[in-house]
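Below is one structure, written out as structure tokens; the observations come after it.
Number of protein chains: 4
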Amino acid sequence: MIENKAWSGRFKEKNDMLFEKMNRSLPFDIRLYKEDIKLNKVYSKELARLGLITENELEAIHDGLNKIELEIKIKGDTLFTNEIEDIHMGIEGLLTHFIGNSAKRIHAGKSRNDQVATDIRLYMLKEIDNIIYLLKDLLISIVEIATDNFDLIMPGFTHLRQAQPILFSHYIMSFFFAFERDIGRLKDLIKRVSIMPLGSGALSGSAYPLNRTALQKGLGFEKISQNSIDGVASRDFIVEFLSDISILSLNLSRLAEDFIIYSSEKFNFFELSDKVSTGSSIMPNKKNPDSLELTRAKTGRIIGSLVSICMVLKGLPTSYNKDLQEDKEPLFDTIDTIKEVIEVTTILLDSIEINGKAMRKAIDSYSFATELADYLTINGMPFREAHHVVGRIVRESLENSVELTTLSESVLCNYNEKFKGIGDDWGTIEKFLEKRDLIGGTGKGSVQTQIEYARKILKDM
Amino acid sequence: MIENKAWSGRFKEKNDMLFEKMNRSLPFDIRLYKEDIKLNKVYSKELARLGLITENELEAIHDGLNKIELEIKIKGDTLFTNEIEDIHMGIEGLLTHFIGNSAKRIHAGKSRNDQVATDIRLYMLKEIDNIIYLLKDLLISIVEIATDNFDLIMPGFTHLRQAQPILFSHYIMSFFFAFERDIGRLKDLIKRVSIMPLGSGALSGSAYPLNRTALQKGLGFEKISQNSIDGVASRDFIVEFLSDISILSLNLSRLAEDFIIYSSEKFNFFELSDKVSTGSSIMPNKKNPDSLELTRAKTGRIIGSLVSICMVLKGLPTSYNKDLQEDKEPLFDTIDTIKEVIEVTTILLDSIEINGKAMRKAIDSYSFATELADYLTINGMPFREAHHVVGRIVRESLENSVELTTLSESVLCNYNEKFKGIGDDWGTIEKFLEKRDLIGGTGKGSVQTQIEYARKILKDM
Amino acid sequence: MIENKAWSGRFKEKNDMLFEKMNRSLPFDIRLYKEDIKLNKVYSKELARLGLITENELEAIHDGLNKIELEIKIKGDTLFTNEIEDIHMGIEGLLTHFIGNSAKRIHAGKSRNDQVATDIRLYMLKEIDNIIYLLKDLLISIVEIATDNFDLIMPGFTHLRQAQPILFSHYIMSFFFAFERDIGRLKDLIKRVSIMPLGSGALSGSAYPLNRTALQKGLGFEKISQNSIDGVASRDFIVEFLSDISILSLNLSRLAEDFIIYSSEKFNFFELSDKVSTGSSIMPNKKNPDSLELTRAKTGRIIGSLVSICMVLKGLPTSYNKDLQEDKEPLFDTIDTIKEVIEVTTILLDSIEINGKAMRKAIDSYSFATELADYLTINGMPFREAHHVVGRIVRESLENSVELTTLSESVLCNYNEKFKGIGDDWGTIEKFLEKRDLIGGTGKGSVQTQIEYARKILKDM
Amino acid sequence: MIENKAWSGRFKEKNDMLFEKMNRSLPFDIRLYKEDIKLNKVYSKELARLGLITENELEAIHDGLNKIELEIKIKGDTLFTNEIEDIHMGIEGLLTHFIGNSAKRIHAGKSRNDQVATDIRLYMLKEIDNIIYLLKDLLISIVEIATDNFDLIMPGFTHLRQAQPILFSHYIMSFFFAFERDIGRLKDLIKRVSIMPLGSGALSGSAYPLNRTALQKGLGFEKISQNSIDGVASRDFIVEFLSDISILSLNLSRLAEDFIIYSSEKFNFFELSDKVSTGSSIMPNKKNPDSLELTRAKTGRIIGSLVSICMVLKGLPTSYNKDLQEDKEPLFDTIDTIKEVIEVTTILLDSIEINGKAMRKAIDSYSFATELADYLTINGMPFREAHHVVGRIVRESLENSVELTTLSESVLCNYNEKFKGIGDDWGTIEKFLEKRDLIGGTGKGSVQTQIEYARKILKDM
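Chains as they are written, first to last, in the numbering used here: chain X, 1 to 461; chain Y, 462 to 922; chain B, 923 to 1383; chain W, 1384 to 1844.
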């Protein structure tokens, strides 16, 4: 009989060292030690209630677990030999070391299958909160930037071509609403994470009459899993989390792309702080937007993790399979990555210089062309015709290198008499904005409303 | 000037034919015709309110749109020449054909950017409902199968190795809870789809004082987008939908994998109906579980689509870019695929034969080993020690080819005297189940509760 | 007994209609009809040699197959009822219709498992050739553009920040080498596609003494599969193809991104032809680079297909499983997509206007900073110190808004006396290029060599 | 001026700590230290040739680099403070520490852009060799198992349903050919990895007249990159590597799936060694195939990494962008993972017990049905008819619970007179195998040929 593993009773031969290394999750699941200790504390109370351990033993177990928490905090995985497979066995082993035989009682009625599912849910609940907290910080920065630069005008782009002028504050607020939905998704997710599998045993339910409601309350879950097979088998909540973070990361990558382009020499709308830029080892002139580039690139890492866990789950037989051990590293890496990216993006926004002059100067007179079409339309010309009339004006003005907004009413009337009354000042920013004060538009009133709405949301969060 | 496109006013040269084909979305976005027509109806009312079209024109437009809906339903894309880029231009073109110049007024104050975003959201709201409906059917089938086969016993597996006996009804109910969460995710998604972008214009908001609240009510959206750039740029709701369907598909793939294995000759737990099986073109003996295999494989297709749209969005500058046109085909294909898969799975379950005898016979006596360990534990032995004791019993019994449950109390006591009182009938299914009647366990009471809970959920849905 | 399927002998019940639809591959595998007909021609000769069909029957079969090829070419899938599962059964069915009972002999000794694997390999061999052909066209265009615009100077970017000046011809040739490797990968792949599985039967090998070498020669394969299970089970060549095309597509997406940015108003290095641009339905001023944006986006589609087939294959039991039917649509879609993208990119390059003046004017004087550091280094200062010295010059010049290249020798010597002898003209393009004539550098001699090398490669291809 | 970075000359403000952490690659690129040291040795010789360092300095540099190699080997990343960005700066810093100012000369004429691309290619060349080596070991094990168990018969499956009997040796050899192609892909890849970018500088080529051919020879590359932009920008070779490993991993996952099923209690074809199995913490009876499950699951990890790097590269502007830093972790993780998986699979195969009796006993008499159809075909009945005749025999025999192979000639003749002469022993394994001795078939001669062919390939490798 091999003595080194919890399960070695029926085995004759030791594990091959290479397999042992492959099989071992302790190097990464040690991250769950606080949750595992919490679980063991709550669970041992229930064992005491069932009379499977005495009150004295319970006290010893709790003292031991407290000591272990401190030890792991300080010494990390150096506490464990290579034969310790995972954090559950690690903690049970340390507890046995500290308090002796009573420790061997704590695994009664549970399995690592329900234990790890419970630990990981507890861990995620904590980290989802952390991510939401950081996202709120980012939202606050966005609102402040919008407020501080409320009046600045910039070219609005579609297809990376100048489309129409917009308020910079309108532009930056567009991210507010995207990230707010990201928070919404995470909040919706919580109810599917906050389900306690503990008590599911290996797959058929614990053989002990556990009061699962007491366990749930002790651990702080919203709900109890209603089917033990589902309890140990399901990782949908991890896929959902990775999906939510992938979407968030895609949103961040779009902000990053914009900011890389807008802070390039040719655009010069923004100047990144030295705090989040780097230079070149060879070219003394360079100032590179590494923080933004890494933010953009990390999307690949996160979505790679999403694909990874999907691939693991695809076609897996139900209940627990060892494949599920591969859920942790992509999850943990994604949590670390997204927290870093959100924080660095917030620092970047907080320290950015916005070059209002360059943005205003960049506005192309041709981005007012729609105003001409709209004038004709209001004066009764079908829009589709108006579009063609203005298309011709645009084409000819480009050929003659004339700035569109310099065309006077009389010149326009030569093209079409319905331009009568448009005035020579038809192509000003002020007029442009005034006309776009409907809900969601780039008019000042609308953007003001957006900001107020945003402040309210932040307050209520 | 090129006349064939809505936007050709400023262009001198025609599109290359190959590019025109690449650029053309009509072959797939024709699927949005009902939504686009609905939008144009509601939108034209608003134009009438603003005085941009007369009441007569409005009536003509609505009549024309009704006619177009019928035409497209019957004739499909044969209505449109290769020069028609998309369904929006297609409908506007047909309308012009039917009612003349008034049709050219309907694009005033909107852009294809906000129009397509609105259409696609309307379409998804409809299809999400359809998918939830089909999922409910699947849930009903599961509950019925669980009810009809309540008492059947089967081996429960972990790692595809016999672990412990379970009720078949417990097994099949485990899928109920997974699919129920899938519905929950789709329901949560609705609030992020049901946001109306119409009125966002190209990116800066419409230049006309549209009453967006009226539009919202007319179209049946829950909310109005608060920022026009976000309105035309965001596709997060599509990624979220594809994520939700990916998770659902992963759950279905696991059911499929189980059923492929359980219906194989060696297991023989289930017999698939001829309705969902096929044969071999060469081997007259074969009956193949193609429906299950395709269900398993379609997961790849769906997650491929998820990756596709993520890849498209990554690093895209904000607001509208033509890249976003690539959002539709993966979305549409996923909708078709998942509906097919859910329906076929339901048919498969409804027509399956469950071989209770084979399942019962398959139960390995060794899957009762935990019962021995638990007995020792209750009699005061630490569980970890009990596990080792029983491990040894297992190993020696295997070596002697003895069925574990045939070990009598006296034989067991030879191993350890704490087995005293266990009785010779310690290893019966009845005893096993009785001990697992806690919430979520495989005990009969627990499974009965699950079924009642499920019926209630279905009723309240 | 159900009569409608090739395999229905042992079945009692008809397939459910929904399942039949799911199961049916004819709508997409009809694309393999030419290959399937070719296979049946070659295979029937072998059956004739074995005496399983007569010479007369053979002739009738070949005549019938010729007729079928024409029919399918003209009428497509309208030839087949919904009960026809796939192109193999479709062709056998038509043949029976045309020539009667002899047609029922052609399936002897083969299975759809080896037949479809053979068809798809034949099809891919043809399409790989087509793709390589199109890539060569693209390479020719690149070399011509490089030649025609050999002397143009442009800013070279790293991190989308100006780094150092480069020859435009050097820039564009960088894509030559990337796409050349893409061709290399496809050529390497051919040897793994050109392996004939025919004769593998369902999985165990044909039961007839087929001369597989004769089949191989008749079908034009390089090699014969050496193991029948591997022959029907493997799809590695499809994954490899999708990987190769994914890499090619990533290369194209980087070209597209560059060209979108470089043709934006602010950069204005390139002007896209109207042939590959579109306008806006609302903004008459817009000219959008849709061809480039779609090229960029199609990467998502292609890599989605790669993920899809990987997901399908993961964890699949060996030999044939119906899951493998899901290999075709991603493959076919990828072939269509990449051919379209390559062709449109070639048209775009052939019709682009390169604005040499704007490129030259855009060069930032600070992108010559490395020249200063190098001068100090050659004069004996360690490079790392030189980098710091020049870093300071850069910083102070920026603060004083001085163009770096206007700094005279004497001003530079004030910073460090090792600048002595550098001359006032240290910061000219000519000097910059001269120094970079090593292999692969942006010097004119180097780029000339690249072009010559490229011409030679194209000739030898 | 900030002094702590190589590039800090033009910067006024220090990096934010969080950004510094995000930006820092040393924790993972330290893995490249040997390659970076090798590069610096070869490169400094070239600097000496150019007179930029003296012979004495060269000697000091080489001595210093040797010392650093040893130091890093022993002390790892504890040598470096958080301000050291990457291994290049780390080594340059240590060298300065050890030998003083001369160390600051080694970066002349190179950039981290070409340096890291060179390092990573060197590293990959080494690791590709290692992987091929391990794969050869796996191939050898397969051939040995096939040889040692040459005569064993097992059921062959398609759709996880019994299809036809096969030789176990034929079955296991099917993996040989798959893995052999995996080696072929890696070998093809080498020529695209073995291209030296060194001398490309930041993007425009080194400003020093480096003899790149000398560098190439010193570093052992097959070729020199012909374009400096391509040299620093391309990561296609990493994507190709990850694709190749993904395919290999998919092949391994299929082997794993088979072995999990075949070693399950119900099949019992194989018994896994205790060396690569684990038990359960709760169920003393369990012996779980964790090594196979992890092998199956690692596919997700590897393909996740492939997606990750694809996502990073998509739409990236040409030449170097910081995003490329995200190429390393997925690459390194994949190398570690695949080596582990190959080795554990080899150990598993080497230690597996094959249960010939169980395999033979498992063969279903119905898997001989094709033999009947073939007999009819050879006697002149069209195969498609024969298939139907036998289909009926199968169906009726199943209904009467008759083993198919027990049907005598006379019984068969009752179904159809063309069975005359088939003999009562038509359904024996021996006859079955004899008929399948064509190339690639499961006949003994064919499998013997496969094994000989395999031995020859292994010898020539």
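Glycine residues also receive a C-beta, built at the ideal position from the N, C-alpha and C atoms.
Exercise. Quick one: which residues of the segment 745 to 760 of chain Y get their C-beta closer than 9 Å to a C-beta of chain B? List them in chain order.
Key: Cβ contacts with chain B: Pro745, Asn746, Lys747, Lys748, Asn749, Pro750, Asp751, Ser752, Leu753, Glu754, Leu755, Thr756, Arg757, Ala758, Lys759, Thr760.
Practice problem: For Gln448 of chain X, name the three-state secondary structure that DSSP assigns. | Solution: Residue state, collapsed to three classes: helix.
Exercise. Identify the contact partners of His1010 of chain B in chain X, using a Cβ-Cβ distance below 7 Å as the criterion.
Key: Neighbours of His1010 of chain B on chain X: none; closest Cβ ~27 Å, over 7 Å.
Practice problem: Starting from Ala1585 of chain W, find everything on chain X with Cβ-Cβ shorter than 7 Å and list it in chain order. | Solution: The contacting residues are Ser280, Ile282, Met283.
Quiz item: So which residues of chain B does Gly1828 of chain W contact, with C-beta pairs closer than 8 Å?
Solution: Going along chain B, no residue has its Cβ under 8 Å from Gly1828 of chain W, so there is no contact; the nearest lies around 11 Å.
Practice problem: Pair every Cβ in the segment 370 to 381 of chain X with every Cβ in the segment 1441 to 1453 of chain W, then say whether three or more of these pairs are closer than 8 Å. | Solution: With a cut-off of 8 Å, the segment 1441 to 1453 of chain W and the segment 370 to 381 of chain X do not count as touching, because too few Cβ pairs lie within range.
Quiz item: Taking C-alpha atoms, which residue in Y:Met634, Y:Lys789, Y:Leu777 lies nearest to Thr158 of chain X?
Solution: The residue among Y:Met634, Y:Lys789, Y:Leu777 with its C-alpha nearest the C-alpha of Thr158 of chain X is Y:Leu777.
Quiz item: Can Ile808 of chain Y and Leu940 of chain B be called in contact, C-beta distance under 9 Å?
Solution: Cβ distance < 9 Å, so Ile808 of chain Y and Leu940 of chain B count as in contact.
Quiz item: So which residues on chain X does Ser1289 of chain B lean against when the C-beta distance must stay under 7 Å?
Solution: For Ser1289 of chain B, the residues of chain X that pass the 7 Å Cβ criterion are Asn285, in the order they occur in the chain.
Self-check item: N-terminal and C-terminal residue of the alpha helix (DSSP H) that Arg1083 of chain B is part of
Solution: Careful: Arg1083 of chain B lies outside any alpha helix (DSSP H), inside the beta strand (DSSP E) at 1083 to 1089.
Quiz prompt | Positions along the segment 1799 to 1831 of chain W whose CB lies within less than 7 Å of some CB in chain Y | solution = Flagged: no residues at all.
Quiz item: Is any beta-carbon of chain X found at less than 9 Å from that of Leu1164 of chain B?
Solution: With a threshold of 9 Å between beta carbons, Leu1164 of chain B makes no contact with chain X.
Practice problem: Go ahead and label Ile1457 of chain W buried or exposed: buried means 16 or more other beta carbons lie within 10 angstroms of its beta carbon, across all protein chains shown. | Solution: Classification of Ile1457 of chain W: exposed, given that the 10 Å Cβ count is below 16.
Self-check item: Contact check, Arg845 of chain Y vs Arg105 of chain X, beta carbons under 9 Å
Solution: Cβ atoms of Arg845 of chain Y and Arg105 of chain X: closer than 9 Å.
Practice problem: Run the CB neighbour count on Gln70 of chain X, radius 10 Å, all protein chains shown included, and call it buried at 16 or more, exposed below. | Solution: Checking the displayed sequence, the identity of residue 70 of chain X turns out to be Leu instead of Gln. With fewer than 16 other Cβ atoms within 10 Å, it is exposed.
Quiz prompt | Contact with chain W by Asn1173 of chain B, beta-carbon distance below 9 Å | solution = Output row for Asn1173 of chain B: interface = yes.
Quiz prompt | Residue environment, Met1844 of chain W, which counts as buried when at least 16 other CB atoms sit within 10 Å | solution = The residue in question, Met1844 of chain W, is exposed, as its Cβ has fewer than 16 Cβ neighbours within 10 Å.
Practice problem: Give the residues of chain X in contact with Asn782 of chain Y, contact being defined as C-beta atoms less than 8 Å apart. | Solution: Simply Thr158, His159, Leu160.
Quiz item: By the 10 Å Cβ neighbour count, where 16 or more other Cβ atoms means buried, how is Asp691 of chain Y classified, buried or exposed?
Solution: So Asp691 of chain Y counts as buried.
Quiz item: Going by beta carbon distance, what residues of the same chain come within less than 7 Å of Thr1327 of chain B, once the five residues before and after it are set aside?
Solution: Excluding sequence positions up to five before and after Thr1327 of chain B, its CB lies within less than 7 Å of the CB of Ser1287, Phe1290, Gly1349, all in the same chain and listed in chain order.
Quiz item: Apart from the five residues on each side of it in sequence, which residues of its chain come closer than 6 Å, Cβ to Cβ, to Gly443 of chain X?
Solution: Closer than 6 Å at the Cβ level, and outside the excluded window around Gly443 of chain X, lie Leu433, Arg436, Asp437.
Quiz item: From the beta carbon of Lys1421 of chain W, is the nearest beta carbon of chain X less than 9 Å away?
Solution: Contact with chain X is absent for Lys1421 of chain W, since none of that chain's Cβ atoms lies less than 9 Å from the residue's Cβ.
Exercise. Give the DSSP-derived three-state secondary structure of Asn1762 of chain W in the structure shown.
Key: It is coil, neither helix nor strand.
Quiz item: Roughly how many angstroms lie between the CA atoms of Ile2 of chain X and Leu125 of chain X, to the nearest whole one?
Solution: Because Ile2 of chain X carries a pLDDT of 48, less than 50, the predicted location of this residue cannot be relied on, and no value is offered for it.
Practice problem: Using a Cβ cut-off of 9 Å, pull out every chain B residue sitting near Gly1392 of chain W, in sequence order please. | Solution: Ordered by position in chain B, the residues that pass the 9 Å Cβ test against Gly1392 of chain W are His1309, His1310, Val1311, Val1312, Gly1313, Arg1314, Ile1315, Val1316, Arg1317.
Quiz item: First and last residue of the beta strand (DSSP E) that includes Pro155 of chain X?
Solution: Element bounds for Pro155 of chain X: 153 to 158.
Quiz item: What is the rounded straight-line gap between the Cα of Ser563 of chain Y and the Cα of Asn501 of chain Y?
Solution: It is roughly 13 Å from the alpha-carbon of Ser563 of chain Y to the alpha-carbon of Asn501 of chain Y.
Quiz item: Can you find at least 3 beta carbon pairs, one from the segment 676 to 695 of chain Y and one from the segment 169 to 183 of chain X, that sit closer than 8 Å?
Solution: Short answer: they touch.
Quiz item: With a cut-off of 8 Å, do at least 3 Cβ pairs link the segment 110 to 129 of chain X to the segment 233 to 243 of chain X?
Solution: Segments in contact, yes.
Quiz prompt | Min CB distance Lys727 of chain Y to chain W below 9 Å | solution = True, the Cβ-Cβ gap to chain W drops below 9 Å.
Quiz item: At least one CB of chain Y closer than 9 Å to the CB of Val232 of chain X: is that the case?
Solution: The Cβ of Val232 of chain X sits closer than 9 Å to at least one Cβ of chain Y.
Quiz item: Ile1607 of chain W bridges to which residues according to DSSP?
Solution: For Ile1607 of chain W, the pairing in a beta bridge is given by DSSP as W:Met1579.
Quiz item: Taking the alpha helix (DSSP H) that Ala1491 of chain W falls in, what are its first and last residues?
Solution: Boundaries for Ala1491 of chain W: no alpha helix (DSSP H) harbours it, and the DSSP string shows neither H nor E there.
Quiz item: To which residues does DSSP link Phe11 of chain X through a beta bridge?
Solution: Paired residues: none, contrary to the question.
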